[in-house]
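Student:
Numbering (my numbering), first residue to last: 572 to 880.
(1) Would you mind sorting residue 682 into buried or exposed? The rule is 16 or more other CB atoms within 10 Å of its CB.
(2) State the Cα-Cα distance for the pair residue 844 and residue 668, rounded to the nearest angstrom.
(3) If we count the other Cβ atoms within 10 Å of its Cβ and call it buried at 16 or more, is residue 720 buried or exposed?
(4) Quick one: measure Cβ to Cβ for residue 665 and residue 705, integer angstroms, because I've assumed they're closer than 8 angstroms.
(5) Can you list, in chain order, the residues of its chain with a C-beta nearer than 8 angstroms to that of residue 880? Leave out the 5 residues immediately preceding and following it.
(6) Does the contact criterion of 3 or more C-beta pairs under 8 angstroms hold for the region 854 to 864 versus the region 769 to 787?
(7) For residue 771 versus residue 744, is the C-beta spacing smaller than 8 angstroms?
(8) Should residue 799 be labelled buried (16 or more other beta-carbon atoms within 10 Å of its own) or exposed?
(9) Short of 6 angstroms in beta carbon distance, which residues of its chain neighbour residue 754, apart from the five on each side in sequence? Order them along the chain.
(10) With 16 as the cutoff for other CB atoms within 10 Å, does residue 604 come out buried or exposed?
(11) Mind checking which residues open and close the beta strand (DSSP E) that includes residue 727?
(12) Buried or exposed: which applies to residue 676, given that a residue is buried once 16 or more other Cβ atoms fall within 10 Å of its Cβ?
(13) Find the nearest neighbour of residue 695 within the set 674, 613, 718, judged by alpha-carbon distance.
(14) Measure how close the beta-carbons of residue 813 and residue 819 come, nearest whole angstrom, since I'm counting them as under 8 angstroms.
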């Protein structure tokens, strides 16, 4: 896939400097063989020093004028740490997925938990097949409602991600926005890795401040032992409205009024970071010692104290 990603960058630029500065870590030791191959096969021609043109190669798949297919899931529950993201955040995830797999016309995408209803967007705007692993029957019912109404290709596995799923590997990649707890993140990723049939990259979405520095340090130490490491980190990638029926919403609105402010109809709660993780050398069983005695993954996160900043 790295070759395809570089080709997609070459096709969408027209000079070497803008190509190298495209926001992806490139160097000429890796870029030169691709440029040379495209030139020798007649697809790339230099027009003026470092400027070039490309012919005979398809443009990578892009999401054009995508609009949210559905509203935000309206009845999340704190017992599963559910915080559905905004419609715009859902579309950003789809755009990122397509950008990372520019010439892929068929792929199995796994979603570990889907209170964000991301499966609807992926199935609506991409050629990828989607499988959702979800515990909450209300979320499953919501997905099925839109799946049948729109005729979408979505498979749903009802499963508890706080335990071994014992399902055959079916994913080429997965996306998860897990409970923001140490064991929540590790259990979701453990099951995701066990379901990978192709190892390339996977997507973790998490709020670093909610987890706290100590937990983040322990998490990435554990993930590193299992062969996972981040290749991209994008802060504030997803945004989350504050559900009106949550205690936090009532407390915050009351405090806001006491300070002379005024709550709006749709108050934002938080953001989260996207971690694109390299999974080629991952081994799920190396995570098992960290989690096998801990299945309470939905324990409510706590705000860090001054000593944890």
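We put the beta carbon where it would ideally sit given N, CA and C, even for glycine.
Tutor: According to the structure data:
(1) buried
(2) 15 angstroms
(3) exposed
(4) Wrong, their Cβ atoms sit about 18 angstroms apart, outside the cutoff.
(5) Reliability fails at residue 880, whose pLDDT of 37 lies under 50, so the model's placement of it is uncertain and the value that follows must be treated cautiously. Excluding residues within five positions, the ones whose Cβ falls inside 8 angstroms are 784.
(6) no
(7) yes
(8) buried
(9) 862, 865, 868
(10) exposed
(11) 725 to 729
(12) exposed
(13) 718
(14) 6 angstroms
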